[in-house]
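A.B. asks: I am attaching a structure below and will ask some questions about it afterwards.
Residue numbers (the numbering used here): 649 to 1031.
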């Protein structure tokens, strides 16, 4: 369809436009007899521009509009006006020849002038109607543009409100995440403080045990030295008093001193073994507590991470359509187990004891050689 074509309304279109409705009426009101097809497209609302060609073709097929260059002015047949006969009084004579009087040239000329005036009036009325239709079409286009602008403003307001709501939701989620992170950090700091306190308490207990053992050893050593000194003095006195009695008494004192020394040595070894066992038990207890705390911290962190991911997925699901659920594999093949559940630690073996001498008592294995005291536990930096 040529964009330079100028369409005009036909008489049928003029008479039926008031009874029409819908898009055809809106397009028919845009036809003013002066605008070409390109101008009609520009004046049409955006909602009609896609179907404008089809609607105009339907108006052409229905003979409601026509191409101005191809249309012709319809010739109207003017019927001659009948001149009514003049009534005469009954008393007068009837003149039958007056009924067939032909119109004069002046009457025909006057009738032609009146016909031209009526035609001019009709053309003016048509032009006025077309101008009014163009005005109405322009007003409707302005109203449509205003409605479209208001709809656009409302749409922008809705989008702005949605963006603000989305920003508020993101800020709230970020605030919750920060609060959760702060809470987790506080919990981790509390756990680290508890671990440090436990390590400090264990160190103090170990130090106290070591000091007690050293004090006991010093006391026993002092007693041994005092006993040895008493023994030497007794031997001197015994040699001075009698050689025979001195030998027997010295032998008796020697045996007694050896037995006492053996007993004291056994007690020292037992005390040392107990101190080492206690230190080892404390170290193992500390390691166990530390492993349990680390496992609890990891489990807590994993649980909270899963909760954050579930919260993020839920927020994301509100903005997007739910995805098609997938069938997950059953079983525990995909689950992670804590390291403590995969590898169980065995308890430390009990110290082996040997029989010593003919007394039938069990003697600790450590009595064969002197073992160094256990080193002090190393303090770990808080994580």
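Note that the Cβ used here is the ideal one computed from N, Cα and C, for glycine as well.
Excluding five sequence neighbours on each side, which residues of the same chain lie with their C-beta closer than 6 Å to the C-beta of residue 827?
C.D. replies: For this step, residue 827 is matched to residue 179 along the chain shown. Answer for residue 827: no residue qualifies.
A.B. asks: Where does residue 682 fall in DSSP's three states?
C.D. replies: One-based indexing of the chain shown puts residue 682 at position 34. Correct three-state label for residue 682: coil.
A.B. asks: Identify, in the order they occur along the chain, each residue of the same chain with its Cβ nearer than 6 Å to the Cβ of residue 1041, setting aside the five sequence neighbours on each side.
C.D. replies: Not covered by the structure: residue 1041. The range shown for the chain is 649 to 1031.
A.B. asks: Can you tell which of 690, 713, 956 has its C-alpha closest to the C-alpha of residue 656?
C.D. replies: Along the chain shown, read from residue 1 onward, the residue named residue 656 stands at position 8. Looking at the Cα atoms, 713 is the closest of the given residues.
A.B. asks: Suppose the cutoff is 6 Å on Cβ atoms and the five residues either side in sequence are ignored; what does the same chain contact list for residue 820 look like?
C.D. replies: Along the chain shown, read from residue 1 onward, the residue named residue 820 stands at position 172. Nothing listed; no residue qualifies.
A.B. asks: Spell out a yes or no on whether the region 842-851 and the region 927-941 are touching, meaning 3 or more CB-CB pairs, one atom from each, closer than 8 Å.
C.D. replies: Cβ pair count under 8 Å is three or more, so yes.
A.B. asks: Cβ-heavy atom distance between residue 910 and the ligand GTP below 6 Å?
C.D. replies: The model depicted lacks the ligand GTP and carries no ligand whatsoever.
A.B. asks: Is the distance from the Cβ of residue 677 to the Cβ of residue 785 below 7 Å?
C.D. replies: As a first step, residue 677 is located in the chain shown; it is residue number 29 there, counting from the start. As a first step, residue 785 is located in the chain shown; it is residue number 137 there, counting from the start. Cβ atoms of residue 677 and residue 785: closer than 7 Å.
A.B. asks: Do residue 832 and residue 868 have their C-beta atoms within less than 7 Å of each other?
C.D. replies: Within the chain shown, numbered from 1, the residue matching residue 832 stands at position 184. Within the chain shown, numbered from 1, the residue matching residue 868 stands at position 220. No. Outside cutoff.
A.B. asks: Which same chain residues end up closer than 7 Å to residue 916 when comparing Cβ atoms and leaving out the 5 residues on each side of it in sequence?
C.D. replies: Mapped onto the chain shown, residue 916 falls at position 268. These residues qualify, in order along the chain: 865, 868.
A.B. asks: May I ask you to list the residues that DSSP assigns as paired with residue 715?
C.D. replies: Start at 1 with the first residue of the chain shown, and residue 715 comes out as number 67. Residue 715 pairs with 655.
A.B. asks: Let me check understanding here. Comparing Cα to Cα, which of 682, 883, 781 lies closest to residue 905?
C.D. replies: Here residue 905 refers to the residue found at position 257 when the chain shown is read from its first residue. When each option's Cα is compared against that of residue 905, the closest is 883.
A.B. asks: Roughly how far, in whole angstroms, is the beta-carbon of residue 854 from the beta-carbon of residue 927, given that I think they are within contact range, below 8 Å?
C.D. replies: As a position in the chain shown, residue 854 is number 206, starting the count at 1. As a position in the chain shown, residue 927 is number 279, starting the count at 1. Contact flag correct, Cβ pair sits at about 5 Å.
A.B. asks: Can you tell me which of the three DSSP states residue 813 falls into?
C.D. replies: Within the chain shown, numbered from 1, the residue matching residue 813 stands at position 165. Residue 813: helix per DSSP, three-state reduction.
A.B. asks: Around the C-beta of residue 800, are 16 or more other C-beta atoms found within 10 angstroms, so that it is buried, or is it exposed?
C.D. replies: Here the question's residue 800 lines up with position 152 in the chain shown. Classification for residue 800: exposed.
A.B. asks: Within 10 angstroms of the Cβ of residue 966, are there 16 or more other Cβ atoms? Answer buried if so, exposed if not.
C.D. replies: Within the chain shown, the letter at position 318 stands for residue 966. Exposed.
A.B. asks: Quick one: residues in its chain with C-beta nearer than 8 Å to the C-beta of residue 963, no 5 flanking neighbours on either side, listed in chain order?
C.D. replies: Translated into positions along the chain shown, residue 963 becomes position 315. Contacts found: 817, 821.
A.B. asks: Straight-line CA distance for residue 660 to residue 710?
C.D. replies: What you label residue 660 is simply residue 12 of the chain shown in a count that begins at 1. What you label residue 710 is simply residue 62 of the chain shown in a count that begins at 1. Cα to Cα, residue 660 sits roughly 9 Å from residue 710.
A.B. asks: For residue 666 and residue 757, I'd like the C-alpha separation in whole angstroms.
C.D. replies: Locating residue 666 in the chain shown gives position 18, counting from the first residue. Locating residue 757 in the chain shown gives position 109, counting from the first residue. Between residue 666 and residue 757, the C-alpha separation is close to 38 Å.
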